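Engineer: Just passing along the structure, written as C-alpha cells.
Residue numbers (the working numbering): 2 to 436.
Below you can see the structure in the form of C-alpha cells.
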C-alpha cells in the first residue's frame, strides 16, 4: 500500500505572502523556488544540521530537507562542540548555514509543492538541558502537522478569529522547539507569514513589528518581554503576544497587557510533547489543555497523551487536574525540594525573590550536597544593582519559611541565560562557585 503523504505547505494561493525578508515580502511561489534551488545542491547528505539564523533561510533549508526526505537536526546550541557531537551521532549529516542557502543556485527550478511522507522523521530537536543532559526528540511530519493545527486554532481564538491571516515576529531562535512550532511550522502549514529576523533588543523588536502588517503576533519569552516593557519604547500596535520557555509572572503579564492593549497568551509544552496547553496569565492561573489532550498525574510526574503522539509520554512536571480540561502546575521533580519535612518549588521561590523591589533577575538553585552534610541548603543568584544581599534576605524572611531562605544569596552582574532565556543548572552552579 502506498505511504500517506501531505503537501509541504498549507497555502492554496501561490501569490500569497509567505514571509517578510529584508525589505520585501516573499510569495509562496518564490519560497518554493528557493526550496528547489537548495534541495538541488544537498547531494547525498543523510541529514541536515540546520544552523541558519535568518528565519527565512532556515525555512528554506527546512523545506529543502523535507522535499529530499532528509531529517533536519537541531542542536541545542551553535557551539562547535555541540554541533560536532550531533554530527558524530548521525553519520553522513552535514551542516548548512545562511550563506550557503542564500548563495545556492540551480539551473532548473520546479516550484510545485512537494509532497512529504507522513511518517518521515522531519526533525530531531533536543531538550534544553536545563535539568540534565540534552536528549534527542524525533518528530514525524504527520505529528508536526497535527500539533501545528492545534497551535493555529489557539492563536486564532485568542485573536478573536480575525478575517485576515496573522503575521508573526519572533524573538526566539528557530532551532528551539518553541521557535520551530510557532515561527517555522505555523508559516509552513498554517499559512501565517513570518518576519525573517530574530530581534533581541527592544528597538529591534519594535522595528520588526512595524515591518509587518496587522494582525501582528509577537512570539517571545518573559526575559525579552520584561526588557521590552522596561525600555519605555513605544510599541507598534499589537494584536497578540505569546510567551513560553520560562514561567511568566502574572504581574508582568498584566503590565504588558496594560502597555499594549493586546492579550498575552502563555503556552505550556516541552520538546518531548510540543505545546499542549495555554492560559491568559493576566486573568487566570489554571492552564487549559488543547482538545483531546489528556493528563494522568502519577508519583514520578504526569503521563501526557495527545492526538499527535504514538504513545503517552511521561513529563517530569507535576500537574493537578482542577476541572474538565484544566490543570495547575505544581512543579517538576527536579524543581521540588524537601527541607526539614517541608516542600517548596524552586520556581515559586524564584518568583517570590524576583518580585522584591530593585531585583532585575533572580534564580534559586539547589547546590550539590557537601560530603557528610546533613542539611540541605538553597542558594540564590540575584541581579539587583541598587540592593544589598542582606536587605534582600531580610525582606524574603518576611514571607518565606526560614528553611527556604537562600544560604548564600549572591549578587551578580547577570544570569547565564541562553538564547531563549532559560537557565541551565550547571551554569548556575558554575556562577555560584565563582561569584
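The C-beta atom is built at its ideal place from N, Cα and C for all residues, glycine as well. Note that the structure is predicted; figures quoted are calculated from it, not measured.
Would you list the one or two residues that DSSP bridges to residue 299?
Structural biologist: 302
Engineer: Have a look at the DSSP bridge pairing and note the partners of residue 337.
Structural biologist: 346
Engineer: Of the residues 193, 390, 392 and 366, which one's Cα is nearest the Cα of residue 434?
Structural biologist: 366
Engineer: When DSSP builds the beta bridges, which residues end up paired with residue 121?
Structural biologist: For residue 121, which the question treats as bridged, DSSP gives no partner whatsoever.
Engineer: Is the beta carbon of residue 125 less than 8 Å from the beta carbon of residue 33?
Structural biologist: no
Engineer: What residue does the beta strand (DSSP E) around residue 441 start on, and which one ends it?
Structural biologist: There is simply no residue 441 to check, as the chain begins at 2 and stops at 436 in what is shown.
Engineer: Using a Cβ-Cβ cutoff of less than 6 Å, which residues in the same chain neighbour residue 76 once the five nearest sequence positions on both sides are dropped?
Structural biologist: Only 83, 84 and 87 meet the Cβ criterion.
Engineer: Within a Cβ cutoff of 7 Å, which residues of the same chain sit near residue 79, ignoring the five residues on either side of it in sequence?
Structural biologist: 52
Engineer: Suppose you measure from the CA of residue 177 to the CA of residue 120; what does that come to, to the nearest Å?
Structural biologist: 22 Å
Engineer: Measure the C-alpha to C-alpha separation of residue 351 and residue 399 and round it to an integer number of angstroms.
Structural biologist: 15 Å
Engineer: In whole angstroms, give me the CA-to-CA distance for residue 284 and residue 278.
Structural biologist: 15 Å
Engineer: Does the Cβ-Cβ distance between residue 193 and residue 169 come in under 8 Å?
Structural biologist: Contact flag set, yes.
Engineer: So within the stretch 5-36, which uninterrupted beta strand (DSSP E) runs reach at least 3 residues, ignoring any that extend past its ends?
Structural biologist: Those beta strand (DSSP E) runs which fall completely within the stretch 5-36 and span 3+ residues are 6-8, 18-22 and 25-28.
Engineer: Check for me: the beta strand (DSSP E) holding residue 97 runs from which residue to which?
Structural biologist: 94-97
Engineer: Touch check for the stretch 28-48 and the stretch 61-73: three-plus C-beta pairs under 8 Å?
Structural biologist: Output reads yes: the stretch 61-73 touches the stretch 28-48.
Engineer: Between which two residues does the alpha helix (DSSP H) carrying residue 205 extend?
Structural biologist: 203-211
Engineer: Round the Cβ separation of residue 411 and residue 431 to the nearest angstrom and send it over; I've been treating them as touching at under 8 Å.
Structural biologist: The Cβ separation is near 12 Å, so there is no contact.
Engineer: I think residue 28 touches residue 15, with their Cβ atoms under 8 Å apart; what is that distance to the nearest whole Å?
Structural biologist: 7 Å
Engineer: Spell out the partners DSSP gives residue 116 in its beta bridges.
Structural biologist: 8
Engineer: From the DSSP output, in three-state form, read off residue 316 for me.
Structural biologist: strand
Engineer: Short of 6 Å in beta carbon distance, which residues of its chain neighbour residue 13, apart from the five on each side in sequence? Order them along the chain.
Structural biologist: none
Engineer: Please confirm whether residue 74 and residue 58 have their CB atoms less than 8 Å apart.
Structural biologist: no
Engineer: Would you decide whether residue 311 is buried or exposed? Buried here means 16 or more other CB atoms lie within 10 Å of its CB.
Structural biologist: exposed
Engineer: My output table needs one value for residue 50: the three-state DSSP class, helix, strand or coil.
Structural biologist: strand
Engineer: With residue 172 and residue 199 assumed to form a contact (beta carbons below 8 Å), what rounded beta-carbon distance in angstroms separates them?
Structural biologist: 6 Å
Engineer: Excluding sequence positions up to five away, which residues of its chain have a Cβ less than 7 Å from the Cβ of residue 372?
Structural biologist: Confidence in residue 372 is poor, its pLDDT being 49 and thus under 50, which makes the residue's placement unreliable; the coordinate value appears in the next sentence. Answer for residue 372: no residue qualifies.
Engineer: Rank 56, 187 and 306 by C-alpha distance to the C-alpha of residue 316 and give the top, closest one.
Structural biologist: Looking at 56, 187 and 306, the one whose alpha-carbon comes closest to that of residue 316 is 306.
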